[in-house]
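Numbering (our numbering), first residue to last: 1 to 199.
Some notes on the structure that comes next.
This is the structure we're talking about:
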């Protein structure tokens with residue numbers, strides 16, 4: 001699945017984004033162009049405790065970053081590596097995933113650390129457990145900080161206390177459109193100036 005891009009700020013109507021681009025409960029196979037685009041999101045009430053258990057059975061490690069809050073790193077599990085060569089042997093043995101239900105559980109996970117961060121690594125072949133209190137109203141992104149991964153949709157939005165959001169002024173949408181048109185005009189003008197200087 002891929003995270004869709006929006007030409008309007010999500011704060012204008014966060015519920016509409018969820019309704020128009022709902023996510024299914026499964027991952028589609030196939031080329032990236034044909035992937036389903038949907039709006040990955042979690043909705044949290046004010047002061048909720050939000051916990052993520054993120055499994056990474058991929059060959060890449062992923063630096064995961066949260067906007068709008070810090071999180072506590074509860075646990076981090078690593079792949080099994082060859083003690084001599086350091087080469088990958090197997091995914092973390094504590095994690096069991098049911099591919100039919102797309103759900104994973106951790107059998108022997110323990111809270112081993114209480115680091116407070118806004119970015120940390122999900123190790124290749126391992127997992128990460130993080131927790132934070134949803135006490136900063138807004139729409140915040142949790143995403144991979146590797147740019148090509150983010151471009152392919154490795155992100156989700158966390159809607160915190162939507163009932164406490166300050167309403168967006170009605171003029172904002174038209175101002176955003178005018179601002180985008182002005183940027184396009186200025187970038188075109190700059191390109192023309194650069195071309196004329198080189199002629």
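Ideal placement from N, C-alpha and C gives every residue a C-beta, glycine not left out.
Just so we're clear, the structure is a prediction, and the values are computed from it rather than from any experiment.
What is the DSSP secondary structure of residue i, reduced to helix, strand or coil?
| i | result |
| --- | --- |
| residue 18 | helix |
| residue 63 | strand |
| residue 164 | helix |
| residue 51 | strand |
| residue 145 | coil |
| residue 198 | In this prediction, residue 198 scores a pLDDT of 49, lower than 50, which makes its location untrustworthy; no coordinate-derived value is stated. |
| residue 58 | coil |
| residue 74 | strand |
| residue 87 | coil |
With burial defined as no fewer than 16 other Cβ atoms inside 10 Å of the residue's Cβ, what is the status of residue i: buried or exposed?
| i | result |
| --- | --- |
| residue 15 | exposed |
| residue 17 | buried |
| residue 132 | buried |
| residue 97 | exposed |
| residue 95 | buried |
| residue 86 | exposed |
Check the C-beta distance from residue i over to residue j and give it rounded, since I have them as a contact under 8 Å.
| i | j | result |
| --- | --- | --- |
| residue 164 | residue 137 | 4 Å |
| residue 91 | residue 57 | 5 Å |
| residue 110 | residue 60 | That pair is no contact at about 25 Å. |
| residue 44 | residue 116 | Actually they are not in contact, since the Cβ atoms of residue 44 and residue 116 sit about 18 Å apart, beyond 8 Å. |
| residue 50 | residue 158 | 7 Å |
| residue 146 | residue 93 | 26 Å between Cβ atoms; not a contact. |
Could you check which residue in the options has the C-alpha nearest to that of residue i?
| i | options | result |
| --- | --- | --- |
| residue 23 | 155, 46, 166 | 155 |
| residue 107 | 143, 139, 55, 141 | 55 |
| residue 88 | 152, 66, 71, 125 | 125 |
| residue 141 | 66, 93, 78, 81 | 66 |
| residue 234 | 127, 120, 139, 121 | For the chain, the structure presents residues 1 to 199; residue 234 sits outside this window and is missing. |
| residue 70 | 166, 130, 145 | 130 |
| residue 42 | 152, 134, 151, 167 | 134 |
| residue 46 | 144, 139, 152 | 139 |
| residue 120 | 68, 104, 84, 143 | 143 |
Go through the segment 99-133 residue by residue and report every complete run of the beta strand (DSSP E) that reaches 3 residues or more, in order.
103-106, 115-117, 119-122
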